[in-house]
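Engineer: The numbers in the working numbering rise by one with no breaks, and the one at position 64 of the sequence shown is 624. Quick one: this structure, given as structure tokens, is what I'll be asking you about.
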Amino acid sequence: MVHISSLVVASVAATGLIGCALAHPGEHHDHEEHKHALQTRDYHSAKLARGLASCANSLKIRNLHERAEIRRFHKAEALRAKRGLPSSE
561 MVHISSLVVA SVAATGLIGC ALAHPGEHHD HEEHKHALQT RDYHSAKLAR GLASCANSLK
621 IRNLHERAEI RRFHKAEALR AKRGLPSSE
């Protein structure tokens, strides 16, 4: 009986290994294609960073951030009051 159970365990392990080996048959990675994809990603990332940097200090964006800060402050104050916590002022 012990011999049969070890044979079953061995066959299950072998099946698992074969399944892993067959999961990605013939997978091929083209290094030039990968290199081009990375260069494209870097180019677009740099372009996005330049665009964000150019508008980050605009008056419209500064006003947006200021309004968001005020809104978060009032929301926090309302939650503190609801829970009976001391105000931050």
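Even glycine gets a Cβ: it sits at the ideal position worked out from N, Cα and C. Since the model is a prediction, treat every value here as computed from it, not as a measurement.
1. Kindly indicate which three-state DSSP category E587 falls into: helix, strand or coil?
2. Over what stretch of residues does the alpha helix (DSSP H) that includes L624 continue unbroken?
3. Might you give, ordered along the chain, the residues of its own chain that have their beta carbon closer than 6 angstroms to the beta carbon of R632, omitting 5 neighbours on each side?
Structural biologist: This is what the structure holds:
1. coil
2. 619-643
3. none
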